[in-house]
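UniProt numbering numbers the first residue of the sequence shown as 1 and each following residue consecutively. Even for Gly, the Cβ is constructed at its ideal location relative to N, Cα and C. Values in this document were obtained by computation on a predicted structure and should not be read as measured data.
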Amino acid sequence: MRKRQNVHYYFCRYQLTWKDLHDNSESAARQAEEVDSQITKLYVHYDRQCEIMTRLHEGIAGLPVILNQLQELTDVLANLEEEYDKVEAALVYLEDVCEEAELQQAKVVDCQKLAKYQTRKKEEMEKLKIQLAKEHAKSVESVEKKRNVKLKERQEAFQEAFKEDVDYYREHGRLDRVSVSSTDSGKKTDLADFKVEEDAGILDEFLASDEITPSTEDASATTTGRIQDTFSDEENLPVSVQSNDDLDPEGDYFEDDLAATHGDPYLESEENTEESDLEKIDSDTKT
1 MRKRQNVHYY
11 FCRYQLTWKD
21 LHDNSESAAR
31 QAEEVDSQIT
41 KLYVHYDRQC
51 EIMTRLHEGI
61 AGLPVILNQL
71 QELTDVLANL
81 EEEYDKVEAA
91 LVYLEDVCEE
101 AELQQAKVVD
111 CQKLAKYQTR
121 KKEEMEKLKI
131 QLAKEHAKSV
141 ESVEKKRNVK
151 LKERQEAFQE
161 AFKEDVDYYR
171 EHGRLDRVSV
181 SSTDSGKKTD
191 LADFKVEEDA
201 GILDEFLASD
211 EITPSTEDAS
221 ATTTGRIQDT
231 FSDEENLPVS
241 VQSNDDLDPE
251 GDYFEDDLAA
261 THGDPYLESE
271 ENTEESDLEK
281 IDSDTKT
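#1: What would DSSP say about residue 59, mapped onto helix, strand or coil?
#2: Is there a C-beta anywhere in chain B that falls below 9 angstroms from the one on residue 20?
#3: Could you tell me which whole alpha helix (DSSP H) segments of length 4 or greater appear in the region 23-106?
#4: Taking the straight line between their C-alpha atoms, what separation do you get for residue 105 and residue 64?
#5: Can you tell me whether residue 30 is buried or exposed? The criterion is at least 16 other CB atoms within 10 Å of its CB, across all chains shown.
#6: Between residue 124 and residue 132, what straight-line distance do the alpha-carbon atoms span, to the nearest angstrom?
#7: Closer than 8 angstroms to a non-hydrogen atom of the ligand NAD - does that hold for the CB of residue 114?
#8: Does residue 11 pass the burial test, meaning 16 or more other C-beta atoms within 10 Å, or should it be called exposed?
#9: Given this structure, state the Cα-to-Cα distance separating residue 20 from residue 39, to the nearest angstrom.
#10: Within 10 angstroms of the Cβ of residue 209, are there 16 or more other Cβ atoms? Answer buried if so, exposed if not.
#11: If I measure Cβ to Cβ from residue 97 and keep anything under 8 angstroms in the same chain, skipping five residues before and after, which residues do I get?
#12: Using the Cβ count rule (16 or more neighbours within 10 Å means buried), how would you classify residue 154?
#13: Which term fits residue 265, buried or exposed, when burial requires 16 or more other beta carbons within 10 angstroms of its beta carbon?
#14: Buried or exposed: where does residue 48 fall if 16 or more other Cβ atoms within 10 Å of its Cβ makes it buried?
#15: Buried or exposed for residue 120, please, with buried defined as at least 16 other CB atoms from any protein chain shown within 10 angstroms of its CB.
#16: Using only the alpha-carbon positions, how far apart do residue 140 and residue 128 sit?
#17: In angstroms with no decimal places, state the Cα-to-Cα distance between residue 90 and residue 84.
#18: Does the Cβ of residue 147 have 16 or more other Cβ atoms within 10 Å, making it buried, or fewer, making it exposed?
#19: May I have the straight-line CA-CA distance separating residue 110 from residue 102, to the nearest angstrom?
Now the structure itself:
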């Protein structure tokens, strides 16, 4: 009985000890796991730090190379800066050359336009000259026609007056006294004041026949031609008309006497009209 009690006692004691050992083993296992995890974390951390330190060491060891490379890069940048300055100057020069080329091209275009404009204006001027020349020719022709008509009318008037004077002289043997007004001096000159030396023989021979002889016709034609030549001058100055060879050379027949005797309706108004027409033509030509 007593042995049983001792066995039971030892058994309970060993059981409690085993339990404590088991609990301690489990606690130690848990702590070992925690320590293992912490050691693992520390290993990883230190491994990383070692890697970083290795890299840092390698970087520090490569600093001289990096410095040399930086110096080389600095030199390259300085060279590039110089090259950039040269390129910039070349670009500025190229820009100036391009602007000058554009300016020259614009000048060429403007010169071509100016040449075309001058050519066109010259053609227009030539056409205008031709047109003005035609108009001037037409105006001159018109004025000449008017003048010829007026001269013809005056010639006919003077020829008629000459015939009347000749007929009157043949009938009466004398000429009427004609008053000629002088516009310059304001004096009146009488035809009787002029002394005419007459050759009675030649005059009687000239007036011998009842009809006009050929010599008389020639004298009339000659006198008429000289009258026409006298008034063909543009200034229309009064010029004395010489008689033919059959008449006395000193017996001058003045146009003013005819105008004063028979009247000249074209003496003032027609001359003013001709002068105004000529002045108008000259002004158009100058324009």
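The answer reads as follows:
#1: On the sequence shown, residue 59 is found 59 positions in, with the first residue counted as 1. Note: residue 59 maps to helix in three-state DSSP.
#2: The structure shown contains no chain B; it holds only a single protein chain.
#3: none
#4: For the purposes of this step, residue 105 is taken as the residue at position 105 of the sequence shown. For the purposes of this step, residue 64 is taken as the residue at position 64 of the sequence shown. Each residue's Cα considered, the two are about 59 angstroms apart.
#5: Your numbering for residue 30 matches position 30 in the sequence shown. With fewer than 16 Cβ atoms within 10 Å of its Cβ, residue 30 is classed as exposed.
#6: Counting from 1 along the sequence shown, the entry for residue 124 is found at position 124. Counting from 1 along the sequence shown, the entry for residue 132 is found at position 132. Cα-Cα distance, rounded: 12 angstroms.
#7: Ligands in the displayed structure: none, and consequently the ligand NAD is not present.
#8: Taking the first residue of the sequence shown as position 1, residue 11 is located at position 11. So residue 11 ends up on the exposed side.
#9: As a working mapping, residue 20 is identified with position 20 in the sequence shown. As a working mapping, residue 39 is identified with position 39 in the sequence shown. Those two C-alpha atoms are separated by around 28 angstroms.
#10: Working through the sequence shown from its first residue, we reach residue 209 at position 209. Low local confidence applies: a pLDDT of 49 at residue 209 is under 50, so the model's placement there is unreliable, and no value is given.
#11: Counting from one through the sequence shown, the residue named residue 97 turns up at place 97. Once the five neighbours on either side are set aside, residue 97 has no close Cβ partner at all.
#12: To locate residue 154, count along the sequence shown from 1; it is residue 154. Buried, since its Cβ has 16 or more Cβ neighbours within 10 Å.
#13: Residue numbering aside, residue 265 sits at position 265 when the sequence shown is read from its first letter. Confidence is the limiting factor: at residue 265 the pLDDT is only 46, short of 50, which leaves the residue's position unreliable and the question unanswerable from this model.
#14: Counting from one through the sequence shown, the residue named residue 48 turns up at place 48. With fewer than 16 other CB atoms across the displayed protein chains lying within 10 angstroms of its CB, residue 48 is exposed.
#15: Reading the sequence shown from its first residue, position 120 is the one you call residue 120. Counting Cβ neighbours within 10 Å, residue 120 comes out exposed, since fewer than 16 surround it.
#16: Along the sequence shown, read from residue 1 onward, the residue named residue 140 stands at position 140. Along the sequence shown, read from residue 1 onward, the residue named residue 128 stands at position 128. Distance between the alpha carbons of residue 140 and residue 128: 17 angstroms.
#17: Translated into positions along the sequence shown, residue 90 becomes position 90. Translated into positions along the sequence shown, residue 84 becomes position 84. Straight-line Cα distance between these residues: approximately 10 angstroms.
#18: Working through the sequence shown from its first residue, we reach residue 147 at position 147. Looking at its Cβ environment, which holds 16 or more other Cβ atoms inside 10 Å, residue 147 is buried.
#19: By one-based count along the sequence shown, residue 110 stands at place 110. By one-based count along the sequence shown, residue 102 stands at place 102. If you take the alpha carbons of residue 110 and residue 102, they lie about 12 angstroms apart.
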